[in-house]
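Q: Top line first, the protein sequences correspond to chains A and B. Going by the working numbering, the first sequence opens with residue -10, and the numbers climb by one from there. Going by the working numbering, the second sequence opens with residue 2, and the numbers climb by one from there. The structure that follows is given in the form of structure tokens.
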Amino acid sequence: MLTFRSPFLVTWGYLIKSFKPLAAVTIAFSMNSMSQYAETFVSGSISVPIEHRFYPYTDNGGTSLAIAGEDFCVVASDTRQSEGFLINARYSPKAFKLSETAVLATNGFLADGFALVKRLEQRLEWYKHSHNKPMSISALAQMLSTTLYSKRFFPYYVGNLLGGLDENGRGVVYSFDPVGSYKPEVCRAGGSAAALVQPFLDNQVSFKHQPTATRTLSLEMAVKIAKDAFTSATERDIYTGDYLEIFVIKRDGITVEKMELKKD
Amino acid sequence: MTQRLEKPKGGFNFDNYQRNLFLEQKGLSLPKAISTGTTIVGVIFKDGIVLGADTRATEDTIVAEKNCKKIHYLAPNMYCCGAGTAADTEFTTALISSKLELHRLNTGREARVTTAMTFLKQMLFRYQGNVGAALILGGFDVNGPSLFLIHPHGSTDKTPYGTMGSGSLAAMSVFETRWRKNLERQEAIDLVKDAVEAGIFNDLGSGSNVDINIIERGRCEILRNYAKPNERDEKQASYKYPRGTTSILKESIRNLVLVTEGEAMDIS
């Protein structure tokens, strides 16, 4: 069962529990579910219906983080794709460059993640041609939110992190829950090891509980923090590892760095 | 007044099971048992047995311990790899090791592997699978080398090579490709190391290092962390906090001892 640890998801988690047995999601599947009748040998033969159920989601693991700086943004994702205790792929990128100023990292059910990115890329193209300019990151964030909410009753099972530069060239990170609730932030971790990485980020990027620390974060330090966050997460989370892709978004463009992580 | 001592009844005592059910209904969540995930393997070679295991212990999907010991001592001529619930494997092997020592003192002879196997299977069957210990028992006795696979419900298999744990499929694929009868000592060690490494890299429940035990006539060689293919690289930065980061809000010193006569003790 997928659980997301996003802060806005408290209500979502509650809702999932209550509508699962309701019509909304299950209607689609109860119509597809096949009822078969089985013979049981209990004093003569009694027929009992067996319901076969199709569960549409699966958890592919993986972790992402995004850090916003003064004039840069760092988005990092590991590339391991897993299912249960098996590894499906060691290199399956989860962060995608959407435009010259925005990178989207998806975590959770990757089929939904890829479908979502495809849809966004198509809409970005439409926007570029009809408005004669690339989409700003705040507009992109809102579009992502409405896209997610349009599937409110059969959600895209992904936690999204959108990182990039806003119209003034300042770094910004937008974090989303699976149905489109979002807000701009300074730093956010998502995915299976989010609970391990977020406290580290809060302390080293937002300088929480460090009253004497300086308040500016350089790009070099942000990249180092991202790398160390991932090596530490790899140690303790079985779903994180293999390779790490770090996207650095600056005014002059986006650069990608690939790094090895532990493969066990 | 003296009372007749009640002989303890055999079998599993289910009183606590009822209590736990009741508590769960009231909303208490039981603590999760930590499971070793695990890849454990054993192989018989020309003159003995090689046992191998990974060193990762998991609590669901988080790594609880990165370098734990999964090969347990049973007797000077017998060792046992354990997969499944960590506490169960630890306590089961410790109990049977104890029983074996008493048995050795009683009989005056070196313990046989089949004896240990019988102790283990009878105990595990009595607990009907509730003791989650999957073991690979290997040893060298008067009948030569023997390897046994013992499952949590109490069934046993006698095989020349075997694997258990969540990484057993990955390790078994290596064995089925390369095992043959009458392996040399170093060949067997290499085969075991490769099998455990297959589990370490391809199974998410196993990881970190490879432990190996070689049991031959009269001697046991323990190679703890024989292979360490997963060492952590140096960190990018140092996160040491400068002195004064945590601010002291209030300082209060209470003198617990009041010296009224004589000299105060020198506590510098």
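Where a beta carbon is used, it is the ideal one built from N, C-alpha and C, also for glycine.
1. Contact check, Thr62/B vs Asp226/A under 8 Å by CB: the rounded distance?
2. Beta carbon of Ala76/B, beta carbon of Ser98/B: below 8 Å?
3. Please state the DSSP three-state secondary structure of Asp234/B.
4. Go ahead and label Ala238/B buried or exposed: buried means 16 or more other beta carbons lie within 10 angstroms of its beta carbon, across all protein chains shown.
5. Where Ser139/A and Tyr171/A are concerned, what is the direct C-alpha to C-alpha distance, given to the nearest angstrom?
6. Closest to Gly206/B by CA distance: which of Thr246/B, Thr39/B and Glu217/B is it?
7. Where in the region 174 to 233 of chain A do unbroken runs of the alpha helix (DSSP H), each at least 4 residues long, occur, reported from the N-terminal end onward?
8. Nearest-angstrom Cα distance between Lys251/A and Ser66/A?
9. Is it true that the CB of Ile50/B sits closer than 8 Å to the CB of Leu148/B?
10. Between Thr94/B and the rest of its own chain, which residues show a CB-CB distance below 7 Å, the 5 nearest in sequence each way excluded?
11. By Cβ distance below 6 Å, which residues in the same chain neighbour Phe120/B in space, the five residues on each side in sequence not counted?
12. Look at the alpha carbon of Ser30/B and the alpha carbon of Gln19/B, and state the distance between them as a whole number of angstroms.
13. Check the Cβ of Asn148/B against every Cβ in chain A and list those closer than 8 Å, keeping chain order.
14. Anyone know if the C-beta pair for Asn96/A and Gly169/A falls short of 8 Å?
15. Assuming Asp212/B contacts Asn203/B (C-beta within less than 8 Å), just tell me the rounded distance between them.
16. If Val197/B sits next to Ala65/B, beta carbons under 8 Å apart, how far is it from one beta carbon to the other, in whole angstroms?
17. For the beta strand (DSSP E) that Ile268/B lies in, which residues bound it at each end?
18. Any idea if Phe142/A is buried or exposed, counting beta-carbon neighbours within 10 angstroms, 16 or more meaning buried?
19. Along the chain, which unbroken stretches of the alpha helix (DSSP H) at least 4 residues long are found entirely within the region 55 to 126 of chain B?
20. Look up Lys172/A in the DSSP assignment and give the residues it is bridged to.
21. What is the residue span of the beta strand (DSSP E) that Ile249/B lies within?
22. The beta strand (DSSP E) spanning Met124/A covers which residue range?
23. For Ala172/B versus Gly200/B, is the C-beta spacing smaller than 8 Å?
24. List the residues that DSSP assigns as beta-bridge partners of Asp312/A.
25. For Gln199/A, which residues of its own chain have a beta-carbon under 7 Å away from its beta-carbon, when the five flanking residues on both sides are left out?
26. On the premise that His154/B lies in contact with Leu125/B, defined as a C-beta separation below 8 Å, what is that separation, rounded to the nearest angstrom?
27. Taking CB distances under 8 Å as the criterion, tell me whether Gln193/A reaches chain B.
28. So with Cβ pairs under 8 Å, would you call Lys100/B a contact of chain A?
29. Is Leu190/A closer than 8 Å to Ala182/A when the C-beta atoms are compared?
30. Let me see if you follow: with CB-CB separation under 8 Å, is Glu224/A close to chain B or not?
31. Measure the CB-CB distance between Gly230/A and Arg69/A and report whether it falls below 8 Å.
32. Tell me the residue span of the alpha helix (DSSP H) that contains Leu170/B.
33. Can you have a look at Lys295/A and say buried or exposed, based on whether 16 or more other CB atoms are within 10 angstroms of its CB?
34. Pull up the CB-CB distance for Val161/A and Ala57/A, whole angstroms please, since I reckon it's below 8 Å.
35. DSSP on Leu136/B, reduced to helix/strand/coil?
36. Could you check where the beta strand (DSSP E) with Gln18/B kicks off and where it finishes?
A: Short version:
1. Position 61 of the second sequence, counted from the start, is the residue given in the question as residue 62/B. Position 237 of the first sequence, counted from the start, is the residue given in the question as residue 226/A. Yes, they are in contact, since the Cβ atoms of Thr62/B and Asp226/A sit about 7 Å apart, within 8 Å.
2. Position 75 of the second sequence, counted from the first residue, corresponds to residue 76/B. Position 97 of the second sequence, counted from the first residue, corresponds to residue 98/B. Yes.
3. Along the second sequence, one-based indexing puts residue 234/B at 233. Looking at Asp234/B - three-state DSSP - the assignment turns out to be coil, as it is neither helix nor strand.
4. As a first step, residue 238/B is located in the second sequence; it is residue number 237 there, counting from the start. Ala238/B is exposed by the Cβ-count criterion.
5. Sequence index remark: in the first sequence, residue 139/A carries index 150 (1-based). Sequence index remark: in the first sequence, residue 171/A carries index 182 (1-based). So the alpha carbons of these two residues sit roughly 15 Å apart.
6. Indexing the second sequence from 1 puts residue 206/B at position 205. Nearest C-alpha to Gly206/B among Thr246/B, Thr39/B and Glu217/B: Thr39/B.
7. 183 to 193 and 208 to 225
8. Within the first sequence, numbered from 1, the residue matching residue 251/A stands at position 262. Within the first sequence, numbered from 1, the residue matching residue 66/A stands at position 77. Those two C-alpha atoms are separated by around 14 Å.
9. Residue mapping note: residue 148/B aligns to position 147 of the second sequence, counting from 1. Residue mapping note: residue 50/B aligns to position 49 of the second sequence, counting from 1. It is a contact, given that the beta carbons lie within the stated cut-off.
10. Reading the second sequence from its first residue, position 93 is the one you call residue 94/B. Here the set comprises His73, Leu75, Cys81 and Gly83.
11. Against the second sequence, residue 120/B aligns to sequence position 119. Only Ile97 and Lys100 meet the Cβ criterion.
12. Locating residue 30/B in the second sequence gives position 29, counting from the first residue. Locating residue 19/B in the second sequence gives position 18, counting from the first residue. In a straight line, the C-alpha of Ser30/B is about 15 Å away from that of Gln19/B.
13. Here the question's residue 148/B lines up with position 147 in the second sequence. Per the sequence shown, residue 148/B should be read as Leu rather than Asn. What Leu148/B touches in chain A: nothing, since even the nearest Cβ is about 25 Å away.
14. Your numbering for residue 96/A matches position 107 in the first sequence. Your numbering for residue 169/A matches position 180 in the first sequence. Against a cut-off of 8 Å, the Cβ pair of Gly169/A and Asn96/A comes out as no contact.
15. For the purposes of this step, residue 212/B is taken as residue 211 along the second sequence, with counting starting at 1. For the purposes of this step, residue 203/B is taken as residue 202 along the second sequence, with counting starting at 1. With a Cβ gap of about 18 Å, Asp212/B and Asn203/B do not count as contacting.
16. Numbered from 1 along the second sequence, position 196 holds the residue referred to as residue 197/B. Numbered from 1 along the second sequence, position 64 holds the residue referred to as residue 65/B. With a Cβ gap of about 19 Å, Val197/B and Ala65/B do not count as contacting.
17. If you number the second sequence from 1, residue 268/B lands on position 267. From DSSP, Ile268/B is part of no beta strand (DSSP E); its letter is neither H nor E.
18. Here residue 142/A corresponds to residue number 153 of the first sequence, with the count starting at 1. The residue is exposed, with fewer than 16 neighbouring Cβ atoms inside 10 Å.
19. 87 to 108
20. Along the first sequence, one-based indexing puts residue 172/A at 183. By DSSP's assignment, Lys172/A forms a beta bridge with Ser164/A.
21. As a position in the second sequence, residue 249/B is number 248, starting the count at 1. No beta strand (DSSP E) contains Ile249/B, which DSSP labels as neither H nor E.
22. Here residue 124/A corresponds to residue number 135 of the first sequence, with the count starting at 1. Careful: Met124/A lies outside any beta strand (DSSP E) and carries neither H nor E.
23. As a working mapping, residue 172/B is identified with position 171 in the second sequence. As a working mapping, residue 200/B is identified with position 199 in the second sequence. In this structure, Gly200/B lies closer than 8 Å to Ala172/B by Cβ.
24. Because chain A spans -10 through 253 in this model, residue 312/A falls outside it and cannot be assessed.
25. Here residue 199/A is taken as the residue at index 210 of the first sequence, counted from 1. The residues are Asn192.
26. Translated into the one-based positions of the second sequence, residue 125/B becomes position 124. Translated into the one-based positions of the second sequence, residue 154/B becomes position 153. The pair is a contact, with the Cβ atoms about 7 Å apart (cut-off 8 Å).
27. As a first step, residue 193/A is located in the first sequence; it is residue number 204 there, counting from the start. Yes - at least one Cβ of chain B is within 8 Å of the one on Gln193/A.
28. The residue you call residue 100/B lines up with position 99 of the second sequence. Answer no: the Cβ-Cβ gap between Lys100/B and chain A never drops below 8 Å.
29. The residue labelled residue 182/A in the question sits at position 193 within the first sequence. The residue labelled residue 190/A in the question sits at position 201 within the first sequence. Their beta carbons are not under 8 Å apart, which means Ala182/A does not touch Leu190/A by this criterion.
30. Counting from 1 along the first sequence, the entry for residue 224/A is found at position 235. Interface residue, yes.
31. Locating residue 230/A in the first sequence gives position 241, where the first residue counts as 1. Locating residue 69/A in the first sequence gives position 80, where the first residue counts as 1. It is a contact, given that the beta carbons lie within the stated cut-off.
32. Counting from one through the second sequence, the residue named residue 170/B turns up at place 169. Counting along the chain, the alpha helix (DSSP H) containing Leu170/B begins and ends at Ser169 to Arg179.
33. The structure shown does not extend to residue 295/A, since chain A is modelled only from -10 through 253, so no value can be given for it.
34. Numbered from 1 along the first sequence, position 172 holds the residue referred to as residue 161/A. Numbered from 1 along the first sequence, position 68 holds the residue referred to as residue 57/A. Indeed, because the Cβ distance is near 5 Å, the residues count as touching under 8 Å.
35. For the purposes of this step, residue 136/B is taken as the residue at position 135 of the second sequence. Strand, per DSSP.
36. Within the second sequence, the letter at position 17 stands for residue 18/B. Here the sequence assigns Tyr to residue 18/B, which means Gln is not the residue at that position. Taken as a continuous stretch (DSSP letters only), Tyr18/B belongs to no beta strand (DSSP E), being part of the alpha helix (DSSP H) at Asp16 to Lys27.
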